[in-house]
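Notes follow once the structure below has been shown.
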Amino acid sequence: MAEERTEKIFALCIENKDCDDLEKRKVYQILPDVDAVKEGYLRVIDESGEDYLYPESYFIMVKLPLKAQDALQLAS
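Residue numbers (my numbering): 1 to 76.
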């Protein structure tokens, strides 16, 4: 049986004011967090490799092909 793949969520960082663990123009993986979104935040796996909440306005959501998602996963 083929393994079902779920698409991951990614966003492009467009602002990093007061955020040492974010780089502008870099794509980050976003983890689902309904409560954070309600408050205007996204749960982001940042440069530290951990997930933290950052303002939603610091990112633009992007849809990547599965091949690109795989490449980003391997690079992290």
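No residue lacks a Cβ here, since even glycine has one placed at the ideal position from N, Cα and C.
query, result
"Boundaries (first-last residue) of the alpha helix (DSSP H) holding D35", "V34 to K38"
"CB of L72 within 8 Å of CB of V27, strictly", "yes"
"Closest by C-alpha distance to C13, when choosing among I30, R25, D46 and Y52", "R25"
"L42 classed as buried or exposed, judged by whether at least 16 other C-beta atoms fall within 10 angstroms", "buried"
"Pairwise C-alpha distance: D18 and G66", "The question names Gly, but residue 66 in the sequence shown is Leu. Each residue's alpha carbon lies about 32 Å from the other."
"Distance, L31 Cα to D51 Cα", "8 Å"
"L31, enclosing beta strand (DSSP E) - first and last residue", "V27 to L31"
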